Amino acid sequence: MPKDAAQKGSNRYSSLSQSQRHSQSAGRHNTSPSTSSKSESDELSDSESSSEKNSRSRQMPVSAHNPIQTFNRAVKKANGQKKIHHNGSLILKHLMRLAHWIARSLSPFVSFDNIWLIGLTFYAHENGLSCQTVVEDASVGLVISHSEGFTIDAENEDVQLCVEIFTRINEVIPHADTVCRSLLEKPSRRQALVKLMDKLRGNACSSDTHMLKTKGLEFAERVVPGGKFDPPINSQSPKETSWGFNHVQLGGFLVPAKDCKKYDKNPQAYIARINNGELLLTHDLLPSYLYKSGTCNAKKLYAGLFEGPIVIYVYKAIFTGTSSAASIDFIRTGTRICQAQKNGLWSVTPDSLAYACVHAHFMLSSAKEWRLDPPGFSKIKYFELLTKILHDGNEKWSKNLFGRLNVKIFGSHEGAPPPAPAPKKGASDADALLRQLNDESFDPDYNSDGMGGDSKGEIDELED
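243 is the number that the working numbering gives to position 212 of the sequence shown; each next residue is one higher, with no gaps.
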């Protein structure tokens, strides 16, 4: 991977914003799943160097137990399954977790086709391999031609994101080198894997929207005056007829924060202007649910932004569990770490926060399906707007914002405490015993009392 592209990708899409790095290590906040790649048929020893592992991986013999063959078969089988399984492949198991958590912690709209296309092209170029695919993809500013070399716009943020995700994938999955070569050998394998990972990314979003359709009403109801909707809303009622601006109180969360006073004065008139097309609520407006007080000062749009109670409830429900969302403040729910921490997310990050904000908007709206957007509003552009604000905002503002959110969500200004290092395992008594028994100097006729003395000699001594 070219260093300049990888570094630029890491700068833009690292787990932490610039303002958070003053006191937190990058390793602790890796948002890709942290499961070690050592396991299953991993005959690669810990003592081997990275180059030795790659060399052995490349020369992996073809056999019934070849993990690459198992992986390719598992991907093919999974694409035909309604409920996707890893089908016995450790590699696919890792990729399934990655697909879910890339959607939640980096972007729910990323294209795995672009990730693998860009990543494998870099990989082929660096390893002197041929790539059968010649692409001109304007959506990511990529032009590839292996007959004349290739160029890539390293400044393009979509390219940077693809570079970072591809790098993380290769850091996490077992036999990454051999997987890349296998996908380069047959483009159909890459296409099958892309189809599966895009489906898994979509499943992550669908799972969160389904959970929030029930829990979301509870979160919103806590915020409205009196703690009850008037009239009541049934979570099972159709979204398109009961949610969003079909209900005055839910609509109040979606109104631009700067228009809250107008809306409160005459909500029916405001809603009528939306319904007749006179007023368009676009993705570049900041809704009231994003704000701590539900409204904003037009001269200080940053004050209270991203601290709305609904945003915090939704973030907790998605990343730290629905039980943690029982309160706006941090509550310790048990001794086990949450899913976010299991997958390397130890503090609130710009991209995970933007993901929660987009889900909160969809939850409150009357949109029935995730893929559908109301007129003038694009979830993708809304997500991009929020991540731009969170990544590029004033450093002091960002530091204070993430600190306050971390206190409410993870219990401390810096985020959740890192896991304690695993205690070092001492030498096994059994191993020591076997070494002694197999030592060339071992005397099989030696009779010991277990305390280092000769039992026969001690008995003779006592008799005397």
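Even for Gly, the Cβ is constructed at its ideal location relative to N, Cα and C.
None of the values given here were measured: they were computed from a predicted structure.
Residue pairing by DSSP puts L336 in a beta bridge opposite Y322.
Minimum Cα-Cα distance from I146 among the listed residues C327, A109, K430, L192 corresponds to L192. S237 places its beta carbon 7 Å or farther from that of L248. Residue pairing for N328: DSSP places it in a beta bridge opposite K331. The three-state secondary structure of P287, taken from DSSP, is strand. Assignment of N431 by DSSP, reduced to helix, strand and coil, places it in the helix class.
Fully enclosed alpha helix (DSSP H) runs of no fewer than 4 residues occupy 410-423 of the segment 388-439, in order along the chain.
Of the candidates I99, I149, E309, V345, the residue whose Cα lies closest to the Cα of D208 is I99. Counting along the chain, A461 sits inside the alpha helix (DSSP H) bounded by residues 460-468. When secondary structure is reduced to three states using DSSP, P256 falls in the helix class. For S319, the closest C-alpha among the options P269, H131, V286 is that of V286.
A direct Cα-Cα distance of roughly 10 Å separates W132 from S383. Taking the Cα of G424 as reference, the smallest distance to any Cα among P263, D229, D460, A334 is reached at A334.
When the beta-carbon positions are compared, A391 and V342 come within less than 7 Å of each other. In this structure, F337 is the residue among S120, F284, F337, N306 with its C-alpha nearest to the C-alpha of N431. With three or more CB-CB distances shorter than 8 Å, the segment 222-233 counts as touching the segment 143-162. Look at S142 here: in three-state DSSP terms it is coil, with no helix or strand label. A direct Cα-to-Cα measurement between T152 and T353 gives close to 41 Å.
When the beta-carbon positions are compared, F276 and G283 stay at least 7 Å from each other. Look at L137 here: in three-state DSSP terms it is coil, with no helix or strand label.
E195 sits buried, since 16 or more C-beta atoms from the chains shown fall within 10 Å of its C-beta.
Our two residues, T101 and S161, have alpha carbons roughly 24 Å apart in a direct line. F393 and T240 have their C-alpha atoms roughly 8 Å apart. Less than 7 Å separates the beta-carbon of S120 from that of A105.
Annotation for K124: H117 place their beta carbon closer than 6 Å to its own, counting only its chain and skipping 5 residues before and after. Taking the Cβ atoms as the reference, L321 lies roughly 6 Å from C388, within the contact range of under 8 Å.
Looking at D360, Y346, R253, the one whose alpha-carbon comes closest to that of S443 is D360.
Taking C-beta atoms as the reference points, H278 and S409 fail to come closer than 7 Å. At a Cβ-Cβ threshold of 7 Å, C291 and T326 count as neighbours. Taking C-beta atoms as the reference points, F250 and Q280 fail to come closer than 7 Å.
For P98, the enclosing alpha helix (DSSP H) stretches over residues 98-109. The continuous stretches of alpha helix (DSSP H) do not include V379, and DSSP gives it neither H nor E.
Going by DSSP, E188 is part of the alpha helix (DSSP H) stretching over 188-203. In the structure shown, I115 adopts coil according to DSSP, grouped into three states.
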